[in-house]
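Positions 1 to 169 (the working numbering) are the ones given, in order, by the sequence shown.
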Amino acid sequence: MNYKVYDNFLPYDQFDYIAKTVVRNDFIWNFNKSVAFLEDGEDPNWYFTHCFYDNGMPQCSFFNELFEFVQTPLKQKADVDIKAVLRIKSNLYPRTEKVVRHELHSDYGFFNHSCLLGINDCDGYTIFENGDKIESKANRMLVFDGQLQHCSTTCTDQKVRLNINCNFL
Numbered sequence: 001m002n003y004k005v006y007d008n009f010l011p012y013d014q015f016d017y018i019a020k021t022v023v024r025n026d027f028i029w030n031f032n033k034s035v036a037f038l039e040d041g042e043d044p045n046w047y048f049t050h051c052f053y054d055n056g057m058p059q060c061s062f063f064n065e066l067f068e069f070v071q072t073p074l075k076q077k078a079d080v081d082i083k084a085v086l087r088i089k090s091n092l093y094p095r096t097e098k099v100v101r102h103e104l105h106s107d108y109g110f111f112n113h114s115c116l117l118g119i120n121d122c123d124g125y126t127i128f129e130n131g132d133k134i135e136s137k138a139n140r141m142l143v144f145d146g147q148l149q150h151c152s153t154t155c156t157d158q159k160v161r162l163n164i165n166c167n168f169l
C-alpha cells in the first residue's frame, strides 16, 4: 500500500492553533447524513464537516492560514508539490458505544494527494481496503493517493474524532 505517516507533522504552535480553532464554540459544523457518499437512506452513519475550500474557492476565512501551515511541510516532509487545491474540510465523528467502521470509498476517481491531519488522539482510525490501519493521533499526517479505497471510523474513548482532510493535485 502506498501511503506515508508523519508524526509531529506541524510545529507545536501551529498545530495547537489549528486544534484550538476547530473546537471553538463559534466554529460552525455542518451535519452530513452520510459518511461515504452513499445514496440517502443507505448509510446509517452521520457526521459533521466544516469546509475550508471547495469548488475552486475558499469557503471560510481560516483557509489561508490553514493552507500556509500545511503547504511547506507537505513539500519538505512528504514531497507533495501542490499544483491545485481540490478540497480541504474538517471531519467530526461523534463518539459511539463501539468503534463503527464506515463504508469504503475513494475521495476522487483520479490521482490526488489525500492528506489527513489528525486533530486529537483517540481509538478511531483510517483503514485501507487491504486492511492496513492507521491510528488517529494528534498532529499525525497520513498522505496517500485519494483514489485508494479507504474508510474512516468513529471512536469510543473521546467525545469526538477530529481530523482535517486535504485533497491536492
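For glycine and all other residues, C-beta sits at the position ideal for the given N, C-alpha and C. Computed from a prediction, not measured in an experiment: that's the story for all the values here.
What does DSSP give as the partner residue(s) for Cys166 in the beta ladder? Ile88 and Cys115
Quick one: what's got a C-beta closer than 7 Å to Leu86's C-beta in the same chain, skipping five residues either side? Tyr108, Asn112, Asn167, Phe168 and Leu169
Element boundaries [alpha helix (DSSP H), containing Asn45]: Neither: Asn45 is in no alpha helix (DSSP H) and is coded neither H nor E.
Beta-carbon contacts of Gln14 that lie in its chain and below 7 Å, excluding the five residues immediately before and after: Phe69
Can you give the Cα-Cα distance for Trp46 and Leu116, rounded to whole angstroms? 19 Å
C-alpha distance - Ile119 paired with Ile134, whole-angstrom precision: 14 Å
Taking Cβ positions, are Arg95 and Cys151 nearer each other than 9 Å? no
I'd like the list of long-range same chain contacts for Asp159, defined as Cβ closer than 6 Å, with 5 residues on each side in sequence excluded. A small fix is needed here, since residue 159 is Lys in this sequence, not Asp. Cβ neighbours of Lys159 beyond the five flanking positions: Arg95.
Through-space distance from Ile164 to Asn139, alpha-carbon basis: 10 Å
Can you tell me whether Asp16 is helix, strand or coil according to DSSP? helix
If you draw a straight line from the alpha carbon of Met57 to that of Leu104, how long is it in whole angstroms? 27 Å
Helix, strand or coil for Val70, going by three-state DSSP, please let me know. helix
Under the assumption that Asn2 contacts Phe110 (Cβ atoms under 8 Å), give the Cβ distance between them as a whole number of angstroms. The Cβ separation is near 15 Å, so there is no contact.
Hey, could you find the ends of the beta strand (DSSP E) Leu142 is sitting in? Met141 to Asp145
Terminal residues of the continuous beta strand (DSSP E) containing Val100? Val100 -> no beta strand (DSSP E), and no H or E assigned at all.
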